[in-house]
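J.:
Numbering (our numbering), first residue to last: 827 to 887.
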């Protein structure tokens, strides 16, 4: 589980760098890349929640 959380943190840091520090919306153009990042966050969170639920049921260690 800690590795999954670290990878999610990596996604967060990369997105912050791309869109906040490097002005990514202006460089890339449009809201498509931002929407894609939001989708990645949502899927990542859902996978994390699913893994926690399976760990609670004893399926995962």
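Don't be surprised by glycine CBs; every beta carbon is placed ideally from N, CA and C.
It should be emphasised that the depicted structure is a prediction, and the values quoted were computed from it without experimental measurement.
Thinking residue 851 and residue 860 are a contact (beta carbons under 8 Å), I'd like their distance in whole angstroms, please.
T.: The residue given as residue 851 occupies position 25 in the chain shown. The residue given as residue 860 occupies position 34 in the chain shown. Residue 851 to residue 860, Cβ: 6 Å. Contact.
J.: Below 9 Å between beta carbons: does that hold for residue 833 and residue 845?
T.: Numbered from 1 along the chain shown, position 7 holds the residue referred to as residue 833. Numbered from 1 along the chain shown, position 19 holds the residue referred to as residue 845. In this structure, residue 845 does not lie closer than 9 Å to residue 833 by Cβ.
J.: Between which two residues does the alpha helix (DSSP H) carrying residue 889 extend?
T.: Nothing about residue 889 can be read from this structure; the chain reaches only from 827 to 887.
J.: In the DSSP assignment, find the alpha helix (DSSP H) that holds residue 870 and state where it starts and stops.
T.: On the chain shown, position 44 is the one that residue 870 refers to. Residue 870 -> alpha helix (DSSP H) spans 858 to 883.
J.: Let me know the secondary structure DSSP gives residue 839 once reduced to three states.
T.: Taking the first residue of the chain shown as position 1, residue 839 is located at position 13. In the structure shown, residue 839 sits in a helix (DSSP, three-state: H, G or I).
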